[in-house]
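Everything on this sheet refers to the single structure shown next.
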Amino acid sequence: MATVTFDHATRVYPGTERPAVDQLNLEIEDGEFLVLVGPSGCGKSTSLRMLAGLEDVNGGHIFIGDRDVTDVQPKDRDIAMVFQNYALYPHMSVADNMGFALKIAGTPKAEIRQRVEEAAKILDLVEYLDRKPKALSGGQRQRVAMGRAIVRQPQVFLMDEPLSNLDAKLRVQTRTQIASLQRRLGVTTVYVTHDQTEALTMGDRIAVLNHGVLQQVGTPREMYDRPNNVFVAGFIGSPAMNIGTFDVKDGKVQVGSAEVPLERSIASEISDADGGKVTLGFRPEALDPVAVGTAGSFDVEVNLVEELGSDAFVYGTLKGDTDVNLTAGETNQLIVRIDPRNVPDKGDVIAVAIQAGHSHVFSATTGERLG
Amino acid sequence: MVPMPQQNLQITAVAPDPALLDLPWDVPLAEWPDDVLAALPQGISRHVVRFVSHGGRVLAIKEIGETVAYREYELLRQLHRIEVPSVVPVGVITGRRAPDGERLEAVLLTEHLQFSLPYRALFSQDLRPDTATRLIDALAVLLVRLHLVGFYWGDVSLSNTLFRRDAETFAAYLVDAETGDMHRTLTNGQRNYDVDLARTNIIGELMDLSAGELLDEAVDEVAIGDALVERYQELWNALTGSEAFDSDDRWRVAARIERLNDLGFDVGELEITTDIDGTKVRIQPKVVDAGHHSRRLLRLTGLDVQENQARRMLNDLDSYRAATDRQNDQEQIVAHAWVRQVFRPTIDAVPRELRRKLEPAQLFHEILDHRWYISQQAQRDIPLPEAAESYVERVLRHRPDEDAVLGLAPGEADPADLE
Chain D
1 MATVTFDHAT
11 RVYPGTERPA
21 VDQLNLEIED
31 GEFLVLVGPS
41 GCGKSTSLRM
51 LAGLEDVNGG
61 HIFIGDRDVT
71 DVQPKDRDIA
81 MVFQNYALYP
91 HMSVADNMGF
101 ALKIAGTPKA
111 EIRQRVEEAA
121 KILDLVEYLD
131 RKPKALSGGQ
141 RQRVAMGRAI
151 VRQPQVFLMD
161 EPLSNLDAKL
171 RVQTRTQIAS
181 LQRRLGVTTV
191 YVTHDQTEAL
201 TMGDRIAVLN
211 HGVLQQVGTP
221 REMYDRPNNV
231 FVAGFIGSPA
241 MNIGTFDVKD
251 GKVQVGSAEV
261 PLERSIASEI
271 SDADGGKVTL
281 GFRPEALDPV
291 AVGTAGSFDV
301 EVNLVEELGS
311 DAFVYGTLKG
321 DTDVNLTAGE
331 TNQLIVRIDP
341 RNVPDKGDVI
351 AVAIQAGHSH
361 VFSATTGERL
371 G
Chain C
1 MVPMPQQNLQ
11 ITAVAPDPAL
21 LDLPWDVPLA
31 EWPDDVLAAL
41 PQGISRHVVR
51 FVSHGGRVLA
61 IKEIGETVAY
71 REYELLRQLH
81 RIEVPSVVPV
91 GVITGRRAPD
101 GERLEAVLLT
111 EHLQFSLPYR
121 ALFSQDLRPD
131 TATRLIDALA
141 VLLVRLHLVG
151 FYWGDVSLSN
161 TLFRRDAETF
171 AAYLVDAETG
181 DMHRTLTNGQ
191 RNYDVDLART
201 NIIGELMDLS
211 AGELLDEAVD
221 EVAIGDALVE
231 RYQELWNALT
241 GSEAFDSDDR
251 WRVAARIERL
261 NDLGFDVGEL
271 EITTDIDGTK
281 VRIQPKVVDA
291 GHHSRRLLRL
301 TGLDVQENQA
311 RRMLNDLDSY
321 RAATDRQNDQ
331 EQIVAHAWVR
341 QVFRPTIDAV
351 PRELRRKLEP
361 AQLFHEILDH
371 RWYISQQAQR
381 DIPLPEAAES
391 YVERVLRHRP
401 DEDAVLGLAP
411 GEADPADLE
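If you're matching them up, the sequences are chains D and C in order. Per our numbering: the first sequence = residues 1 to 371. Per our numbering: the second sequence = residues 1 to 419.
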C-alpha cells in the first residue's frame, strides 16, 4: 500500500499547444479513495493513464510511495487496472478465474489458493470458488473481476470509468460494492468518472479538473459547501447550482426585486475590474418559498415542475431582471426545490428567498470565490 | 389509463436498412427466439451477443451502453477507413423499450466476417500442432499494424479477434474495439501494456481451453503467450528500428526495403540521415503499410485477397510467365491471361455447392498445395485441372463449411452446460 504523488505532472500531446494535463499537483493518501472528475476532455483519464504508465509525462514527476515511477514501464509499477478485463473463462472454476494471473507469474499453488480464498471472503464468493462462472449472477461476475485485481495485491488500484458499460441497475449496485470493498481492503484507489454523482457518493476526496487544470480537491462535503470557483460550483451538485452575474449596489446584490446583502469582507474583495458586479451562486435547495412581496425575496415564473416523488423542482424564469445571464448546469432556467406536496402550476409566479449563509459569491471577472 | 410507452428507435448507420426494424428490438437480446437467430456465439464476451441472418448477410448484434456503442461504432468506422483488418460496423440502434415500458440497452451491429473462424473453432477442428503458433503470428501482425496507425487496443485477446485462412497461415481481424483508443502515435507504455495484456489474456484463454479438455495436453500455454511478445517485438523492430552503416554500404537501403517487402510491408517513407562528414548513414522507416503482396496482386489482377494468398498467387503467376515464355510482355497483360487461363478455370472446376467451404483464393492455394503433394507421390508433374479434380474428391468434400462458422446452432446445448 502506498501514497501517490503527482508533482507538477504535465502531459502535452505532440502537435498540440495546450497541455492535456497542466502541472498537476496532487497528493493521495495511503488507502484513500480519490475520484478524478470533470467533463469530457478535462484531463482526468490522461492523469490516470500517466499514473498507469500509458501516457508519457512531459514535465514533472509521479511517485508511488517514495518511488519515482515517471519513467517506469506499466507492468513494473505495481498497480492494477481493475475491470480492464472481466470476461470470465467458462471452463475454469471461479477460483482459477481469479488466480490465473498469479499462476502465470509462477506463484506457488498453495499461496495462490490462500490469496484467492482471502479475496473470496471479502467478496462473498467463498461458496462459489469451485463452481463455474455460469452459476454466477451479473453482480457476482463483477466481483470475480475485482478479485482478479485483489489477488495480485497491488499498491494502487486504478479504475477508468469502470461502470460505463454496465446497465443502469448494475451500475448503481456495483458503485456501492466498489466503494465498500475499497474501504475494507484499504488499498489506495484512483477512480475516474465524468459523473459527479458517482464522484460524490464514492470518493473520500474528489479532484475536479477542467481544461487540464486541477480546479479543487477536497471531501465531497467541502466541494459541495465551499466550491473554490464558478466551474466547481456549477459542476458539483444535482440539479446544478443557479449561477448568475448581478449588479452590486451599496454592498447588496440586486437579484430581481431582492437585495442580497454581502458580508463586508466579501464586498471589500470586489475589484475595479469587476465593474460593480459579482457572480452569485445558490443551490435549488437553498431557496425558501415565501409570500409574494416579502422583503428580500425575488419572483420566479414557473415554466415546468419536475416531480420526483420525494422531491420536486421548479424550472422557471427570474422576473424583473431581463438582461441577467442565469444558468443552472445545462439549462438557462432558474431551479427551485419545492415541497412535492404543494407544487405550483405552470405560469404561476412564486416568490423565493435565498437562505442566509447559503449563497456563494465569486469574482465576476476571474470566477474565483470571494471571502 | 396511462398510454403504453412506445419504442422510439433510432438507427445510426451509413446506409440504414429499414428492414432492420422488423427484428424484435422490444425483447432483450438474451431472450430472442431461436427462429430469428442464425447461431449462438461460443466465444467469451462480457456482453450479450447474438447472430442473425439479415438480407443475405450475417450480422452480429451486441447489447451495450449507448455511449460505448456510439464510441465503438466510430472507432470501427475509422479502422475500416484506414484499412486495418477489423469487422465492419453496420450501425447503432437506441431507444429500445420492452412492451412494459422498461428501457432496453442500445445495440451495436457489425457485419459478420465471411469465412472467418473464431479461435475456439480452430482448436476444436483440424488441430495441427502449430495452429496455436500460427494464430499467435497472425495476432502479432495485427497488433503491430494497429500500433503503427496509433490504435491502442486495451483488451487484446484471442476472443476479441477473428481469423481468416491465409494460405498456410492466418490473417487476424479485430472484432471488439470497446476498450480501444485512437492516438496520433502510441507511447512505449501503451504498446507495452497492450502486449503484456495480450500475453496474459492469451495464456488465460488457452488455460480455459485446457480446463475444458479442448487443448492438447502437450501445449505449454505460457510459452505460447511468451511467443506473442517475442514475435511482436521482432516485427516491431524490423519495421520501425533504425540502423546505421558506412556510406559505402548503401546497398543496405535497398536490402532493408526488400526485407520489409518480404515481411509483407511497403515502405511509404524512409528517413535517411548522414553524419557531418558523410561517412555514416542512418535509416529508419517512418511510414510502413501492410499488404505489399495483396496490393500488388490487386493492381495486377483486380483480385482482392489476403497477403499470403496473394504471395502464393504471385508466385504462380511468375511460373506461368516463365512457362509461357512471356517475361518480356507487360506484367499486367500476362496477369490478366493468368486469371483467365489458370485461376478462374481452377475455381470453376470446384462444384458450386462445395464453394461455400473456403474462399476462392484459399481454394486455389490448397489446390496448388495438393498438386505438389500428388505430384510427389506420382513422381510426375500433375496438371492443374487434374489436381483440382483430385483435391475436390479427396479433400474438399470432407471439410466443414467455413462460410459462416459462428458457434452453436439455436437450440443446441452448450457442451459446457453438460459438465
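Beta carbons are placed, not taken as given, at the ideal position from N, Cα and C, and that holds for glycine. These numbers come from a predicted model, not from an experiment.
Among the residues facing chain D, residue 208 of chain C is included, as its CB has a counterpart in that chain under 9 Å away.
Among the residues facing chain C, residue 73 of chain D is included, as its CB has a counterpart in that chain under 9 Å away. Comparing alpha-carbon positions, the option among D:331, D:205, D:255 lying closest to residue 238 of chain D turns out to be D:331. Cβ atoms of residue 50 of chain C and residue 111 of chain C stay farther apart than 8 Å, at about 14 Å. A residue is called buried when at least 16 other Cβ atoms come within 10 angstroms of its Cβ; residue 176 of chain D does not meet this threshold and is exposed. Neighbours of residue 203 of chain C across chain D, judged by C-beta separation under 8 Å: 100, 104.
In the structure shown, residue 232 of chain C falls within a helical segment according to DSSP collapsed to helix, strand and coil. With the rule of 3 Cβ pairs closer than 8 Å, the stretch 151 to 165 of chain D does not count as touching the stretch 122 to 138 of chain D. Against residue 89 of chain D, the close residues of chain C are 44, 204, 205, 207, 208, 211, in the order they occur along the chain (beta-carbon pairs closer than 8 Å). For residue 92 of chain D, at least one C-beta of chain C is nearer than 9 Å to its own C-beta. The continuous alpha helix (DSSP H) containing residue 103 of chain D extends over residues 94 to 104. The shortest CA-to-CA distance from residue 100 of chain C to any of C:63, C:147, C:27 is the one to C:27. Here residue 131 of chain D is exposed, its C-beta having fewer than 16 other C-beta atoms within 10 Å. Annotation for residue 360 of chain D: the continuous beta strand (DSSP E) segment containing it runs 359 to 363. Scanning C:305, C:287, C:286 for the CA closest to the CA of residue 294 of chain C turns up C:305.
Per DSSP, residue 187 of chain D lies in no beta strand (DSSP E) segment and is marked neither H nor E. Here the alpha carbons of residue 200 of chain C and residue 105 of chain D stand approximately 10 Å from one another. Out of C:35, C:174, C:75, the CA that lies nearest to the CA of residue 91 of chain C is found in C:75.
For residue 164 of chain D, the chain C residues whose Cβ falls inside 9 Å of its Cβ are 65, 67, 68, in order along the chain. When DSSP states are grouped into helix, strand and coil, residue 117 of chain D belongs to the helix group. With 16 or more other Cβ atoms from the protein chains shown falling within 10 Å of its own Cβ, residue 221 of chain C counts as buried.
Taking 3 residues as the minimum length, the beta strand (DSSP E) runs contained wholly in the stretch 16 to 93 of chain C are 37 to 41, 49 to 54, 57 to 64, in order along the chain. Among the residues of the stretch 304 to 320 of chain D, none has a Cβ less than 7 Å away from any Cβ of chain C. Take residue 44 of chain D, set aside five residues on each side of it, and the residues of its chain with a beta-carbon closer than 6 Å to its own are 36, 38, 192, 209, in chain order. Within the DSSP bridge table, the entry for residue 97 of chain C names C:103 as partners. Residue-level contact check: residue 167 of chain D touches chain C, since one or more beta carbons of chain C fall below 9 Å from its beta carbon. Proximity of the stretch 316 to 329 of chain D to the stretch 243 to 257 of chain D meets the contact definition, three or more beta-carbon pairs being nearer than 8 Å.
Under the DSSP definition of a beta bridge, residue 242 of chain D partners with D:282, D:328. Annotation: Cβ neighbours of residue 178 of chain C in chain D (cutoff 9 Å, chain order): 165. Listed along the chain, the chain C residues whose CB falls inside 9 Å of the CB of residue 13 of chain D are 183, 184.
When 8 Å is used as the limit between beta carbons, residue 55 of chain D is near these residues of chain C: 187, 189, 190, in chain order.
DSSP, reduced to helix, strand and coil, places residue 216 of chain D within a strand of the structure shown. Residues of the same chain with their beta carbon placed closer than 6 Å to that of residue 249 of chain D are lacking, with the five preceding and five following residues left out of the count. Put simply, the backbone Cα of residue 279 of chain D is about 41 Å away from that of residue 8 of chain C. Annotation: residue 78 of chain D has no Cβ neighbours in chain C at a cutoff of 7 Å; minimum Cβ distance is about 14 Å. Going by beta carbons, residue 101 of chain D and residue 152 of chain D fall inside the 9 Å limit.
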